[in-house]
Structure formats: C-alpha cells, structure tokens
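In my numbering, the protein residues as written are 567 to 1137. Beta carbons are placed, not taken as given, at the ideal position from N, Cα and C, and that holds for glycine. Since we're looking at a predicted model, the values are computed, not measured.
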Amino acid sequence: MDKKEVARVLAEIATLLELKGENPFKSRAYLNAARTIEALDADLDELLREGRLLEVENIGQGIAERINELVTSGRLGYYEDLKTAIPSGMVEMLRIPGLGPKRAKAVCDALGIGTLGELEYACHENRLAELKGFGTKSQENILKNIAFLKQFRERHLLSEGQVQAETVVAAIRRAPGIVRWSVAGSLRRRRETIKDIDIVVSSPDPEPVMFVFCEHVGVETVIARGPTKSSVRLRGGIQVDLRVVDDSQFPFALLYFTGSKEHNIALRGRALKMGLKLNEYGLFEGDTLLPCPTEEAIYERLGLALIPPELREDTGEIEASERGELPHLVEEGDLQGIFHNHSNWSDGKNSIEQMAHAAQAAGYAYMGLSDHSQTAAYAGGLTIEEVRQQQEEIDGLNARRLGIHILRGIESDILPDGSLDYPDDVLAAFDFVIASVHSGFLISEAEMTRRIVKAVENPYTTILGHPTGRLLLARDGYAVDIDQVLEACIQHEVAIEVNANPHRLDINWHQCRRAHEAGCRVSINPDAHAVQGIADVVFGIGTARRGWIEPREVLNALSLDELEAKRQARL
DNA sequence: GCCGTTTTCGGCCCGACTGTTTTCAGTCG
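(1) Quick one: is Thr824 buried, meaning 16 or more other Cβ sit within 10 Å of its Cβ, or exposed?
(2) Along the chain, which unbroken stretches of the beta strand (DSSP E) at least 3 residues long are found entirely within the region 779-803?
(3) Excluding the five sequence neighbours on either side, which residues of its own chain have a C-beta within less than 7 Å of the C-beta of Gly975, listed in chain order?
(4) Closest to Leu636 by C-alpha separation, out of Asp568, Asp900 and Phe779, would be which residue?
(5) What whole-angstrom Cβ distance do Asp913 and His938 have, given they're in contact under 8 Å?
(6) In the structure shown, what three-state DSSP assignment does His1004 receive?
(7) Considering only their Cβ atoms, is the gap separating Leu870 from Cys858 smaller than 9 Å?
(8) With respect to the alpha helix (DSSP H) encompassing Leu968, which residues constitute its N-terminal and C-terminal limits?
(9) Under 8 Å, with one C-beta from each stretch per pair, do the region 826-836 and the region 731-749 reach the 3-pair mark?
(10) Comparing C-alpha positions only, which one of Pro653, Pro663 and Gly683 sits nearest to Lys671?
(11) Which word fits Ala837, buried or exposed, when buried means at least 16 other C-beta atoms lie within 10 angstroms of its C-beta?
(12) Curious, which full-length alpha helix (DSSP H) runs of at least 4 residues does the region 982-1044 contain?
(13) Cα separation between Leu1038 and Glu773?
(14) Roughly how many angstroms lie between the CA atoms of Leu820 and Arg757, to the nearest whole one?
(15) For Asp675 and Thr759, what's the separation of their Cα atoms in angstroms?
(16) I'd like to know if the region 921-933 and the region 946-958 are in contact, where contact means that at least 3 CB-CB pairs between them fall below 8 Å.
(17) Return yes when the Cβ of Ile1029 is within less than 9 Å of the Cβ of Asn1074, no when it is not.
(18) Thr681 by DSSP, collapsed to three states: which one?
(19) Going by alpha carbons, who is nearest to Gln815 out of Pro770, Val775 and Phe777?
(20) What first and last residue would you give for the beta strand (DSSP E) that runs through Arg809?
(21) For Asp913, which residues does DSSP report across the bridge?
(22) Which of the three DSSP states, helix, strand or coil, is assigned to His908?
(23) At which residues does the beta strand (DSSP E) containing Val734 begin and terminate?
(24) According to the neighbour-count rule (16 or more other Cβ atoms, all chains shown, within 10 Å of its Cβ), is Glu584 buried or exposed?
(25) For the beta strand (DSSP E) containing Val1088, name the first residue and the last one.
(26) Would you kindly work out how many angstroms separate the C-alpha atoms of Leu1094 and Val1103, rounded to a whole number?
(27) Alpha carbon to alpha carbon, what distance is there between Asp607 and Arg574?
(28) Helix or strand or just coil, what does DSSP make of His938?
(29) Could you give the residue range of the alpha helix (DSSP H) that holds Lys586?
(30) Using the beta-carbon count (16 or more within 10 Å), is Val687 buried or exposed?
(31) What residue range does the alpha helix (DSSP H) around Asn830 cover?
(32) Under three-state DSSP, which class holds Cys918?
(33) Taking all protein chains shown into account, decide if Thr1034 is buried (16 or more other Cβ within 10 angstroms of its Cβ) or exposed.
(34) Using the rule of at least 16 other Cβ atoms within 10 Å of the residue's Cβ for burial, across every protein chain shown, is Ala1110 buried or exposed?
(35) Are Pro989 and Ile1018 closer than 9 Å when you measure CB to CB?
(36) Do you know offhand how far Leu981's Cα is from Ala1021's?
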C-alpha cells in the first residue's frame, strides 16, 4: 500500500470524525497526519519495519498503530467501523457550499436521509425549511448549490482561472480610490487547478470597489456582499472572493489570502513563539501594530527572507528561509528557448515559419520543432521520408536567418517494448529527441517503468516528454515509478519534461521537487500546437517554481552554444 | 489525537459573513 492511499484513508477518517461530531482537534490530528504522510520523503514500509514511525511529525502512538494495521493487513477496522456508522451520502453532502459537517449531520439525523438525491427531494418537499437552525433561505441555497454541483466541476484549470481573474481585475481597478491590488490564493501560488479566485484590494473607501465588483458584467450570482468582503460566482462557474482593506493592511491581507492555509498556520505559530500575533490586519506586539509596508517586511520581522508565493505550502520553505537557503527560482526570462512544439507537418495548426516567428517574438533564441513520429498516425506522425523533407525545410529557414534558430527534433512515441519509433540512422539526424508515451497506458506500474526507463536509456533520447500522461480534471496518469525514472534520467543525462500545457502540467510540482532534490535536469516546454500555445510556458514555469526548480536545473535555460557543447560531449 | 525553550495537561489560527436567531453557531478561507 502506498503513501498516497494511506494518506487518503487518514484524511477520510478526519472527515468521518467531523461528521460523527467528534472532538474537532482529533479530526485535525488525522488530517495533519494525512498531510505529513503524503509529503513523506522516507519509505513508509521501511519506517514501519524499523519501528521509526513515531519519529515522524504529527504521528503519535494512536495513529502509528492505525497505520501499522492498515499497511500490514491492508485493512483498518477503525476506518471500516466509521464508514459503516456514517452514510456515504453524508460525506458527499460536504461538497455543497454552505453545508458543513454539523449541518449535514443535523439534516441526516432529523430527516432520516442519507444521500444527495434524498436531500434534494427533501428540499423540494419543503421539509428542510422547517428544521431548527434552517430556514427557507438555507433550503433555497442548498437546492441552488446541488444544481451547481451537477453542472460544474469543483475545480478549474489554472489557465481558466487566470483569464477570468484578469477580466475581473481589469474591471475593479477602474473603481475610484484604489491604491494597490493583487490576485491572491491558489492562483497566485500557481496551483495547477484552482477552486476559486481571490483578489485583495486596498482603498480608503471600499464601497465603490464592492459596487463595481458585484455589478461586473461577468457576474452570475452574488453569494455574499459585505463592507470589506464579497463573493460572486461568474458565468463560467468560478467563484471570486474580493477583500478590500486599508492600504496599511494590504500586505497582511495579501499574505493571509495568498495562503496556503498550512503556510499561514506555521507563520502564525512562529509569530506566537516570538511573542507576536499575526492576522490578516497586521503583526502585533501586544496591542501595538508593527507596521510593515510590504510582504517582504512582514517576513523580515519574523526573521525570514521573503518566500515566493509558489513555495508557501509549509513543506520546508520556512526553515529554508530562516537558514537563508531558499532556492533561486527559475523565471520566464531565464528560458533561452523551447523544445516541444508542433507544426502543421503533424497535428499542429501553424507552419514551421509561423511558429518560429511567434517563438522569436516571445523572446527565445531557439525553438525546437518536435512533430509526432510515424506510429502516431492519429496525429499525422511523420514517415522517414517526411522527416527528411521537414529537415530540409528547417535548414532552408535557418539559412534565411529569421532571428531565431530552429532545432530539428521529433516527439518520438515510446513503443510498447520501450524502443523509439525510428531506426538509429534516422534518430541520429535529429538535433534532439523527445520520447513520449502516447498509447498502451493500461499496463502494470513495473512494466510501464521498465518501458520508460528503456526509452531513457536510448542514447538518442534528449528529453522524456509528459512523463506521467495525466490530463488534469480528465484522466489520471498511468502508473509509473517516478523515482526510478528520475534515477535513469540522471544516469543517462536525459532531461525530464515539465510539460506546460495547462491541461497537463506533467510532471507535477511534487515530482519537480523530487527532481530538484535528486539532481535531475528538467526541460520546461509549451507543447504548443499553434502559435498561441507558446505562451503556455508561464504555467510550466509556475509548476517548476512550486517544485523549487532553479535556472541551473533547466535544460532550456542553456544558450544555444552551451546546448551544442553539451550535445558534442554526449556523442 | 498530537505536542512541548511557559506546558506530560491543556492547548490546538482566527476573523468575516450568513442565516438563523434575539446573541450566536456554522461555515469558509
């Protein structure tokens, strides 16, 4: 049983305990343990064998025994008893905004219902409004939110949130009196998917800002409207929360609403230990506000260097900041070029020349072209003859000095046996080769790992493309042991891709962090299928930054000369 | 249920908004 599964069970126990009405701190203890286990570097089986589980933070005697039972027997009696005692529909009800554990339990107990469908029916029958603590307003809201749940997913792609946030910000920044404004929350931290959009604004007069925000054309429903805080749901289904504060409070509010929650809790704990109190309005010593004009100043007061939003997850960034050992994170400007791009030779929309012009306009010194290989017939993969023709066209374009150098590459399918899709003499003619899995996902983890490792071992492979094959909000990645893959990449000097397509973001940020710690080079690529796709690089940069990646670890932060020198050295 | 440079017991982040109340519990972030 892997760590992820153990973490999932612990987190579900936390939810079940809440629904049971247990001590909320007990529930949180399970949640903390789940988080710790999920982020654990060490091998769980090994810790268990050596009896060192108690050394792990947030794992005490009680939870250690639960984990032991779960891992050794594959079952956990305590968990199964809880599940029997609490109807699964009650857990589902927690997905309804505005319905938490207390009220979900109250509804189920009082009305004798146990599923979402029954709840919806009870609302239609007007039975909820008669319950103590509920009223017609609650009933209407619950009905509306059930309909919303059916219609929309709970989370949205970062790219979608980004576009929506930009429209809202463009509208409210025109409101009179605005001093500073920023997007906060998971969008600012560059999470790969977001639940909602948080915006923080400073102004001496909140009223006009709230007015513009709530009356903004994209708004479908106003969920809450107060003097300092309002929430709306946009037509696209995303919720936006706006907070308006006095400008002296802006950095504190921004810090607070950027989160993550875990990072905030850790920061507050740190403040408490220093005899200070931190909240969204300020940093206080007793009743005295310690003025801080910027987020940087707040961190400084807490004895820390400014922590970039992408790192704020309480996964070691506070300790690193204290020691002055924060990574120097990669930025968009560090990239000298991009490798993974498609043209209309395979399934791209634009010509090679159009793609090259767009990449040049985006400031890159080189652009790799990597159309699909012959096996990928569905995507117009190139035959050997087409490869030769395409390379001639690229040579011709380079001779015209477009202001950008085009690299002759390919995105070669990794065949079921782990070999690449062309004979060696064809592979040798490319400037670079991206090896990717595009089919045959349904094999065991061991088989997939062997298959990918074999492709990495191929002397012509430069980059391992979208290494897990996941599609965000659509498809889980195939089973693969990423640590073994990283080891192989390090050994054979292959870069692992951070595919920046907002539907992929593959590898993910946890895996980036592993690459960073293992010392594996990454390559951040747009996987562009049209000129517009080149701009997707920003999302890959966000993922890489969340994984602590520095420019020196990024293949395409190298100049063309450095790349060529590296290639020569490998041959 | 976890944790400890005040603590092995008594804390565990904390404030805004809503809907229901008539002073507050629940939910959310």
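Checking against the coordinates, here is how it stands:
(1) buried
(2) 785-791 and 795-800
(3) Phe905, Gly934, Leu935, Ser936, Phe996, Asp997, Phe998, Val999 and Ile1000
(4) Asp568
(5) 6 Å
(6) coil
(7) no
(8) Looking at the DSSP string, Leu968 is not in any alpha helix (DSSP H), and its letter there is neither H nor E.
(9) no
(10) Pro653
(11) buried
(12) 990-993 and 1011-1023
(13) 38 Å
(14) 17 Å
(15) 35 Å
(16) no
(17) no
(18) coil
(19) Pro770
(20) Gln805 to Val811
(21) Answer by DSSP bridge pairing: none, since Asp913 is not bridged.
(22) coil
(23) Where Val734 is concerned, there is no enclosing beta strand (DSSP E), although the alpha helix (DSSP H) it sits in stretches over Leu724 to Ile738.
(24) buried
(25) Val1088 to Asn1091
(26) Note on residue identity: the sequence assigns Ala, not Leu, to residue 1094. For Ala1094 and Val1103, the distance between alpha carbons rounds to 9 Å.
(27) 17 Å
(28) strand
(29) Lys569 to Lys586
(30) The sequence given here has Tyr at residue 687, not Val. That one is exposed.
(31) Lys827 to Lys839
(32) Here residue 918 turns out to be Ile, not Cys, going by the sequence shown. Looking at Ile918 - three-state DSSP - the assignment turns out to be helix.
(33) buried
(34) buried
(35) no
(36) 9 Å
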